[in-house]
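Report on the structure given below.
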Amino acid sequence: MTLDTAFSAYNALAVVGWAILILAPSWRFGRNVISGRALPALFSLSYAIIFLPALIGSEGGFVSIEALRTLLTADPRIVLGAWLHYLAFDMFIGAWMAGEAEQRGIPHAWMVPVLLATFLAGPVGWLAFFALRRRYPTKIAQP
27 MTLDTAFSAY NALAVVGWAI LILAPSWRFG RNVISGRALP ALFSLSYAII
77 FLPALIGSEG GFVSIEALRT LLTADPRIVL GAWLHYLAFD MFIGAWMAGE
127 AEQRGIPHAW MVPVLLATFL AGPVGWLAFF ALRRRYPTKI AQP
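Here is the structure:
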């Protein structure tokens with residue numbers, strides 16, 4: 027499989043995971059297992075297999091912007107690995123936020139833009155969720 031094909035396949039899987047979170051909010055198996063564990067685990071395992079070996083002997087590093095730029099342009103496997111890093115963590119956080127929103131009683135209509143923001147710009151969506159959830163305290167279970 028070429029890196030371009032892998033990139034397209036991972037993106038398609040990510041779209042499926044995010045569609046579950048956005049379009050099927052009450053499907054707990056989809057949220058907790060598919061989007062919350064299985065896909066992030068697949069992306070993480072792929073990251074380890076693709077990204078980590080590509081680092082061995084590559085130029086650049088993480089000590090400066092220039093070193094990072096050099097690293098990210100040294101090998102296309104590193105770019106794909108970096109993308110998998112985003113896909114894994116953003117989806118895991120999105121699934122966590124969706125579950126937390128359900129527990130707090132946050133209307134799903136409010137969560138859709140937050141989830142889209144997380145999918146497209148992870149930290150922005152995460153910040154939006156924390157701002158939103160302040161208005162919805164944790165529900166206390168009744169005995």
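The numbering of the sequence shown is our numbering, which starts it at 27 and goes up by one.
Virtual Cβ for every residue (Gly too), placed ideally from N, Cα, C.
A quick note: this is a predicted structure, and the numbers were derived from the prediction, not measured.
query = For Val-105, which option in Ile-132, Ala-135 and Ala-74 has the closest C-alpha, if you only look at C-alpha atoms?
reply = One-based indexing of the sequence shown puts residue 105 at position 79. Per the Cα distances, Ala-74.
task = Please confirm if the region 110-120 is in contact with the region 61-80, defined as three or more CB-CB distances below 8 Å between the two stretches.
result = yes
message = Going by beta-carbon coordinates alone, are Leu-110 and Ser-72 separated by less than 9 Å?
response = For this step, residue 110 is matched to residue 84 along the sequence shown. For this step, residue 72 is matched to residue 46 along the sequence shown. Cβ atoms of Leu-110 and Ser-72: closer than 9 Å.
query = Taking Cβ to Cβ, would you say Ala-80 is nearer than 9 Å to Gly-107?
reply = Along the sequence shown, one-based indexing puts residue 80 at 54. Along the sequence shown, one-based indexing puts residue 107 at 81. Yes.
ask   = Would you call the CB atoms of Arg-141 and Ala-124 closer than 9 Å?
value = Counting from one through the sequence shown, the residue named residue 141 turns up at place 115. Counting from one through the sequence shown, the residue named residue 124 turns up at place 98. Going by the sequence as given, residue 141 is Leu instead of Arg. Yes. Within cutoff.
request  = Could you round the C-beta distance between Ile-46 and Gly-56 to whole angstroms and report it? I think they count as a contact, below 8 Å.
outcome  = Taking the sequence shown and counting its residues from 1, the one referred to as residue 46 is at position 20. Taking the sequence shown and counting its residues from 1, the one referred to as residue 56 is at position 30. Contact holds; Cβ gap of about 4 Å.
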